[in-house]
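A.B. asks: Numbering (our numbering), first residue to last: 365 to 584.
Heads up, the beta-carbon is just placed ideally off N, CA and C, and yes, glycines get one too.
Bear in mind that the values here come from a model prediction, so they are computed numbers and not experimental data.
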């Protein structure tokens, strides 16, 4: 595990050096379907952020996880799971509609929490993916919510794209983050890139990369 983390960190540094990019790139270990033992091993090996896709699975794991680690929700959030998500996660990366953001704000208000979120954008306009379409994003409206803090933008690109198409999606995602930051100063992060394309994502300005396979191996 330590070697795998080291390899990813070396790739991050190499990509940054090649592209004269000195942004702080943070590694999220995608721990969905991984055992508690593997997650603990990852944390002991230096992982500081974990990403979970399902609320129920996360809840069961977090009850038994006694190590300090930052927890990000990176799966599709259903409205009826918002209450639990707000209680379980430091960051909800997949705030993909005004309705869900309103709900997150309401649940955070109840427990006097300022919930960190990221706006999920559907830059590739993939019908199978969730996320804001560019024309539906109204950051001025989003500023009205007092119990959320928008820390950035995330995207999950469509599958089977060429490197050039992927690069274009990442580039456009970064531009959206920079545009929103003009109105919402806390919107500094860009979460994009997974095991197969994280170096390309870093080249285009990713500050969070979400890695599962390259850390834990292929899921059985």
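State whether the segment 470-477 contacts the segment 427-437, with contact taken as three or more CB pairs (one from each stretch) at a distance under 8 Å.
C.D. replies: No, because fewer than three Cβ pairs between the segment 470-477 and the segment 427-437 fall closer than 8 Å, the two stretches do not touch.
A.B. asks: At what residues does the alpha helix (DSSP H) containing residue 536 begin and finish?
C.D. replies: Unbroken alpha helix (DSSP H) run through residue 536: 527-545.
A.B. asks: Shortest alpha-carbon distance to residue 386 belongs to which of 569, 576, 583 and 440?
C.D. replies: The residue with the shortest Cα to Cα distance from residue 386 is 569.
A.B. asks: Ignore the nearest five residues each way along the sequence and tell me which others in residue 310's own chain have a CB closer than 7 Å to its CB.
C.D. replies: No answer is possible for residue 310: the residues shown for the chain start at 365 and end at 584.
A.B. asks: Which one or two residues does DSSP pair with residue 496 in a beta bridge?
C.D. replies: Residue 496 is bridged to 485.
A.B. asks: With distances taken Cα to Cα, identify the nearest neighbour of residue 406 among 509, 370, 515 and 424.
C.D. replies: The shortest Cα separation from residue 406 among 509, 370, 515 and 424 belongs to 370.
A.B. asks: Between the Cα of residue 517 and those of 534, 415, 508 and 418, spot the shortest distance and give me the residue it belongs to.
C.D. replies: Ranking the options by Cα distance to residue 517, first place goes to 534.
A.B. asks: Check for me: the beta strand (DSSP E) holding residue 389 runs from which residue to which?
C.D. replies: No beta strand (DSSP E) contains residue 389, which DSSP labels as neither H nor E.
A.B. asks: Report, in whole angstroms, the separation of the C-beta atoms of residue 409 and residue 377, which I expect to be a contact under 8 Å.
C.D. replies: 18 Å between Cβ atoms; not a contact.
A.B. asks: Around the Cβ of residue 475, are there at least 16 other Cβ atoms within 10 angstroms (buried) or fewer (exposed)?
C.D. replies: Exposed: under 16 other Cβ atoms inside 10 Å.
A.B. asks: Helix, strand or coil: how does DSSP classify residue 562 here?
C.D. replies: If DSSP states are grouped into helix, strand and coil, residue 562 belongs with the helices.
A.B. asks: Residue 437 bridges to which residues according to DSSP?
C.D. replies: Looking at the DSSP assignment, residue 437 forms a beta bridge with 416 and 456.
A.B. asks: Nearest by alpha-carbon distance to residue 550: which of 514, 402, 394 and 486 is it?
C.D. replies: Ranking 514, 402, 394 and 486 by Cα distance to residue 550 puts 514 first.
A.B. asks: Return the Cβ separation of residue 394 and residue 438 in integer angstroms, given the expectation that the two are a contact with Cβ distance under 8 Å.
C.D. replies: That belief holds up - the Cβ atoms of residue 394 and residue 438 are roughly 7 Å apart, short of 8 Å.
A.B. asks: Measure the CB-CB distance between residue 448 and residue 419 and report whether it falls below 8 Å.
C.D. replies: Contact flag set, yes.
A.B. asks: Would a C-beta distance cut-off of 8 Å place residue 479 and residue 519 closer than the cut-off?
C.D. replies: For residue 479 and residue 519, no; Cβs fall outside 8 Å.
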